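*Asks:* Mind looking over this structure? Questions follow.
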Amino acid sequence: MKRIVILISGRGSNMEAIVNACAAEQWPAQVAAVISNRPDALGLQFAAARGIATGVVDHKQHASREAFDEALAQAIDAHAPDLVVLAGFMRILTPAFVARYDGRLINIHPSLLPAFPGLHTHRRAIEAGCKLAGATVHYVTAELDHGPIIVQAAVPVQPDDSEDSLSRRVLVQEHRIYPMAVRWIVEEALEVSGNRVTHRRGESQLVN
Ligand code: NHR
Ligand code: GAR
């Protein structure tokens, strides 16, 4: 059984999708813990109700990013994870943290990377006049939102879209591709070579 630790900052709907798929599809894995940097993150209640260990490492209680990341790593390592999953986790991680979890740290970002790394992605995609938006699951590297791409989903941008309407359309796809990506990793179905990630059984890494 592979052990998964999920990091959240808020609502945690991607975390929910992973917890639900893991149980429903009987993955050879368990979500060992859900950890938040915000004490009031809604997702913590869902996890606790499912009997999953929860933790809080509040970035406001730490003097530097290095100190926060060290405390976060301690909390994570208590659960001996094979895989660490960022699911709406909103703190940039230091190179030392990323190196510690090299090859077993993944993120979902609500854009078709390498377009629009960082914050306010939906607003920026609309302002840029994009006709296509989407979401990307990628391995985390020190450079923000630039790691090897595991799977992407595309959705249309409608002429009358607001940040809200576009983010809702993208989120539906996030809930499909994030569990898919985690499942591939726990099944050891992926091969990483430089920036390229391929699926050993040739499953499509593009949705829609
Ligand atoms: N850390 C590294 N090193 N590399 C990545 O690819 C990371 C990462 C940490 C988080 C998620 C990410 C996203 O998918 C992620 C990827 C937060 C920020 C940010 O600017 C940017 C990107 C992402 C997450 N955070 C502010 C900060 O100062 C705080 C914002 C807030 O608290 O609301 O850390 O988009
Ligand atoms: C998701 O859309 C995720 O892609 C995005 O925040 C939302 C979190 O929702 N992540 C980022 O923007 C990371 N900077 P959730 O908490 O319901 O999963």
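For reference, each letter of the sequence shown is one residue, going 11 to 218 in my numbering. Every residue, glycine too, gets a C-beta built ideally from N, C-alpha and C. These numbers were taken from a predicted model, which means no experiment stands behind them.
#1: For His185, report the span of its alpha helix (DSSP H) as first-last.
#2: At the level of alpha carbons, what is the spacing between Leu142 and Leu200?
#3: Would Asp155 and His119 be called neighbours here (beta carbons separated by less than 8 Å)?
#4: Note the first and the last residue of the continuous beta strand (DSSP E) segment covering Arg134.
#5: Looking only at DSSP bridge pairs, what is Pro166 linked to?
#6: Considering only residues of the same chain and omitting the five flanking positions on each side of Met190, which have a CB-CB separation below 7 Å?
#7: Whose C-beta lies closer than 6 Å to the C-beta of Leu96 among residues of the same chain, with five residues either side of it excluded?
#8: Quick one: is the Cβ of Asp155 within less than 7 Å of any heavy atom of the ligand NHR?
#9: What do you reckon, are the CB atoms on Val300 and Cys32 nearer than 8 Å?
#10: With a threshold of 8 Å, are at least 3 pairs of Cβ atoms found where one atom belongs to the segment 104-118 and the other to the segment 165-177?
#11: Got a sec? Which residues, its chain only, sit under 6 Å from Ala58 by beta carbon, not counting five neighbours each side?
#12: Kindly provide the ranges of any alpha helix (DSSP H) runs that are 4 or more residues long and lie completely inside the segment 97-134, ordered along the chain.
#13: Do Leu147 and Ile86 have their CB atoms nearer than 8 Å?
#14: Nearest CA to the CA of Gln183: which residue from Gly144, Arg193, Pro158?
#15: Would Gly139 pass as a contact of Val150 if the rule is Cβ separation under 8 Å?
#16: For Ile102, count the other beta carbons within 10 Å of its own beta carbon; 16 or more makes it buried, fewer makes it exposed. Which is it?
#17: Which same chain residues end up closer than 6 Å to Trp82 when comparing Cβ atoms and leaving out the 5 residues on each side of it in sequence?
#18: Go ahead and label Met11 buried or exposed: buried means 16 or more other beta carbons lie within 10 angstroms of its beta carbon, across all protein chains shown.
#19: Going by DSSP, which residues form a beta bridge with Arg206?
#20: Is any heavy atom of the ligand NHR found at a distance shorter than 7 Å from the C-beta of Gly128?
#21: From what residue to what residue does the alpha helix (DSSP H) around Ser23 run?
*Replies:* In short:
#1: Counting from 1 along the sequence shown, the entry for residue 185 is found at position 175. Per DSSP, His185 is one residue of the alpha helix (DSSP H) stretching across 173-196.
#2: By 1-based counting over the sequence shown, the position of residue 142 is 132. By 1-based counting over the sequence shown, the position of residue 200 is 190. Going by C-alpha positions, Leu142 is about 26 Å away from Leu200.
#3: Position 145 of the sequence shown, counted from the start, is the residue given in the question as residue 155. Position 109 of the sequence shown, counted from the start, is the residue given in the question as residue 119. Against a cut-off of 8 Å, the Cβ pair of His119 and Asp155 comes out as a contact.
#4: Counting from one through the sequence shown, the residue named residue 134 turns up at place 124. That residue, Arg134, is in no beta strand (DSSP E); its alpha helix (DSSP H) goes 131-137.
#5: For the purposes of this step, residue 166 is identified with residue 156 of the sequence shown, where counting begins at 1. Answer is Leu142, bridged to Pro166.
#6: Position 180 of the sequence shown, counted from the start, is the residue given in the question as residue 190. Once the five neighbours on either side are set aside, the close Cβ partners of Met190 are Val161.
#7: Here the question's residue 96 lines up with position 86 in the sequence shown. Result list for Leu96: Leu17, Asn117, in chain order.
#8: For the purposes of this step, residue 155 is taken as residue 145 along the sequence shown, with counting starting at 1. With a cutoff of 7 Å, Asp155 counts as near the ligand NHR, since its C-beta is closer than that to a heavy atom of the ligand.
#9: This structure cannot speak to residue 300, because the chain is shown only from 11 to 218.
#10: Because the criterion of three Cβ pairs below 8 Å is not met, the segment 104-118 and the segment 165-177 do not touch.
#11: Mapped onto the sequence shown, residue 58 falls at position 48. Leaving aside the five residues that flank Ala58 on each side, the residues in its chain whose CB is nearer than 6 Å to its CB run, in chain order, Thr64.
#12: Scanning the segment 97-134 for uninterrupted alpha helix (DSSP H) segments of 4 residues or longer gives 105-110, listed from N- to C-terminal end.
#13: By one-based count along the sequence shown, residue 147 stands at place 137. By one-based count along the sequence shown, residue 86 stands at place 76. Residue 147 is actually Val in this sequence, not Leu. No, the pair does not count as a contact, with Cβ atoms beyond the cut-off.
#14: Position 173 of the sequence shown, counting from 1, holds the residue named residue 183. When only C-alpha atoms are compared, the closest one is Gly144.
#15: In the sequence shown, counting from the first residue as 1, residue 139 sits at position 129. In the sequence shown, counting from the first residue as 1, residue 150 sits at position 140. Not in contact: Gly139 and Val150 (Cβ atoms no closer than 8 Å).
#16: Residue 102 sits at position 92 when you count from the first residue of the sequence shown. Looking at its Cβ environment, which holds fewer than 16 other Cβ atoms inside 10 Å, Ile102 is exposed.
#17: Reading the sequence shown from its first residue, position 72 is the one you call residue 82. The amino acid at residue 82 is misidentified as Trp; the sequence shows Leu. Closer than 6 Å at the Cβ level, and outside the excluded window around Leu82, lie Val67.
#18: In the sequence shown, counting from the first residue as 1, residue 11 sits at position 1. By the 10 Å Cβ count, Met11 comes out exposed.
#19: For the purposes of this step, residue 206 is taken as residue 196 along the sequence shown, with counting starting at 1. In the DSSP output, where bridge partners are listed per residue, Arg206 has Ile159, Ser203.
#20: Stepping through the sequence shown from its first residue, residue 128 is reached at position 118. True, at least one ligand heavy atom lies under 7 Å from that Cβ.
#21: Numbered from 1 along the sequence shown, position 13 holds the residue referred to as residue 23. Where Ser23 is concerned, the enclosing alpha helix (DSSP H) stretches over 23-34.
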